[in-house]
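**Q**
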Amino acid sequence: MISIEKVSKTYPPKIVALDDVDLTIESGDFLSLVGPSGAGKSTLIKLLIAQEKPSRGRIMIGGKDITKLRGGQVPFYRRKIGVVWQDFKLLNNKTVFENVAYALEVVEKSVAEIMAKVPQILRLVGLEGKEHRFPHELSGGEIQRTAIARALVHEPYLLIADEPTGNLDPVNTEEVIQLLQKINKMGTTVLLATHNKDVVDNLKKRVVVLENGRVVSDRKIGRYSL
Ligand SMILES: Nc1ncnc2c1ncn2[C@@H]1O[C@H](COP(=O)(O)OP(=O)(O)OP(=O)(O)O)[C@@H](O)[C@H]1O
Ligand SMILES: [Mg+2]
1149 MISIEKVSKT YPPKIVALDD VDLTIESGDF LSLVGPSGAG KSTLIKLLIA QEKPSRGRIM
1209 IGGKDITKLR GGQVPFYRRK IGVVWQDFKL LNNKTVFENV AYALEVVEKS VAEIMAKVPQ
1269 ILRLVGLEGK EHRFPHELSG GEIQRTAIAR ALVHEPYLLI ADEPTGNLDP VNTEEVIQLL
1329 QKINKMGTTV LLATHNKDVV DNLKKRVVVL ENGRVVSDRK IGRYSL
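Quick note: the sequence shown uses our numbering, first residue 1149, plus one each step.
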């Protein structure tokens, strides 16, 4: 369980990005985080991945307050969380296989483990046969599925996607959302921050609405608009 408790975040000089947010995410949840631009969605995600620290409050994950992590502990914590961004962030000079393998190489996994694991994950995201393509030889949806594959290599407890379909057409968007649902069904908790009304309304899952840094709505089967 993830428990965000009375969390506020103020950026200097006095920009209140999050204002007293309380939010609980159960294991296995699929939660859409919506709200106007500037509402605080990405800030909340940066706090969850320990990229930023809250000004007040705490964030408990598996009984641990992650806002208290020291610098050296952060990389270990991050491995339990997969993150996918709107702008992909793939390495353009590496193939699909190498992009995913790289995430394992940096934590010094053995070649045998990498050779076993990468094909398995690429199959899961539907990229078998595309292993040796470079990012510029892929569709937007395939690029994003590579990014999702990379986010899954450490078998994260939580997969966070910040506007993952922002650069995709409706067909590729649908593909990526179906993949997130499949990953969720396999047991991974998913947090999706998005502006896409159709996506949120079709999911028929929990929707949390942020406005001016506050949670203004939290519904089990929510819709994009209040
Ligand atoms: N590093 C920063 N320094 C100062 N202000 C920031 C910083 N990051 C975000 N903000 C401000 O905090 C507020 C919340 O921003 P945030 O990026 O969390 O919004 P968002 O909901 O993700 O918006 P969008 O839908 O446009 O992605 C905004 O007013 C933004 O300008
Ligand atoms: Mg954002």
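We put the CB at the ideal spot given by N, CA and C, even for glycine.
Quick caveat: nothing in here was measured; it's all calculated off a predicted structure.
Apart from the five residues on each side of it in sequence, which residues of its chain come closer than 6 angstroms, Cβ to Cβ, to residue 1340?
**A** Answer for residue 1340: 1180 and 1309, listed in chain order.
**Q** Residue 1372: buried (16+ other C-beta within 10 angstroms of its C-beta) or exposed?
**A** Burial call: buried.
**Q** Is residue 1346 near ligand 2, going by C-beta to nearest heavy atom under 8 angstroms?
**A** Result no, Cβ not under 8 angstroms from ligand 2.
**Q** Indicate whether residue 1337 and residue 1307 have their beta-carbon atoms separated by less than 9 angstroms.
**A** A contact, by the Cβ cut-off of 9 angstroms.
**Q** With distances taken from CA atoms, which of 1327, 1229 and 1363 is nearest residue 1275?
**A** When each option's Cα is compared against that of residue 1275, the closest is 1327.
**Q** Is the beta carbon of residue 1228 less than 9 angstroms from the beta carbon of residue 1209?
**A** For residue 1228 and residue 1209, yes; Cβs fall inside 9 angstroms.
**Q** Using the rule of at least 16 other Cβ atoms within 10 Å of the residue's Cβ for burial, across every protein chain shown, is residue 1219 buried or exposed?
**A** Per the 10 Å Cβ criterion, exposed.
**Q** Return helix, strand or coil for residue 1323, following the three-state DSSP convention.
**A** Three-state DSSP puts residue 1323 in a helix.
**Q** Kindly indicate which three-state DSSP category residue 1172 falls into: helix, strand or coil?
**A** If DSSP states are grouped into helix, strand and coil, residue 1172 belongs with the strands.
**Q** Please output, in chain order, the residues near ligand 1 using a CB cut-off of less than 5 angstroms to any non-hydrogen atom of the ligand.
**A** In chain order, the qualifying residues are 1159, 1163, 1165, 1185, 1186, 1187, 1188, 1189, 1190 and 1191.
**Q** Just the C-alpha distance for residue 1325 and residue 1347, rounded to the nearest angstrom, thanks.
**A** Going from the Cα of residue 1325 to the Cα of residue 1347 covers about 8 angstroms.
**Q** Ligand 2 and residue 1317: does the residue's C-beta get closer than 8 angstroms to at least one heavy atom of that ligand?
**A** No, ligand 2 has no heavy atom inside 8 angstroms of this Cβ.
**Q** Could you compute how far the alpha carbon of residue 1375 sits from the alpha carbon of residue 1279?
**A** Past the boundaries of the shown model lies residue 1375; the chain is included only from 1149 to 1374, so the question cannot be answered.
**Q** Quick check on DSSP: helix, strand or coil for residue 1244?
**A** Looking at residue 1244 - three-state DSSP - the assignment turns out to be helix.
**Q** Give a yes or no on whether the C-beta atoms belonging to residue 1244 and residue 1303 are separated by under 9 angstroms.
**A** Not in contact: residue 1244 and residue 1303 (Cβ atoms no closer than 9 angstroms).
**Q** List the endpoints of the continuous beta strand (DSSP E) containing residue 1158.
**A** Per DSSP, residue 1158 belongs to the beta strand (DSSP E) from 1150-1159.
**Q** Please report the distance separating the alpha-carbon of residue 1159 from that of residue 1296.
**A** Straight-line Cα distance between these residues: approximately 30 angstroms.
**Q** Going along the chain, which residues of its own chain have a beta-carbon closer than 6 angstroms to the beta-carbon of residue 1408, five neighbours each way excluded?
**A** Outside the modelled stretch of the chain, which goes from 1149 to 1374, sits residue 1408, for which no answer is possible.
**Q** Mind reading off the beta-carbon distance from residue 1252 to residue 1265? Whole number of angstroms is fine, and I expect it under 8 angstroms.
**A** Yes, they are in contact, since the Cβ atoms of residue 1252 and residue 1265 sit about 7 angstroms apart, within 8 angstroms.
**Q** Mark residue 1292 as exposed unless 16 or more other C-beta atoms lie within 10 angstroms of its C-beta, in which case mark it buried.
**A** Buried: at least 16 other Cβ atoms inside 10 Å.
**Q** Quick one: does the C-beta of residue 1297 sit closer than 8 angstroms to a heavy atom of ligand 2?
**A** Because no heavy atom of ligand 2 lies under 8 angstroms away, the Cβ of residue 1297 does not count as near it: no.
**Q** Is residue 1333 helix, strand or coil by DSSP?
**A** It is helical.
**Q** Comparing C-alpha positions only, which one of 1254, 1171, 1362 and 1315 sits nearest to residue 1206?
**A** Here the closest residue by C-alpha is 1171.
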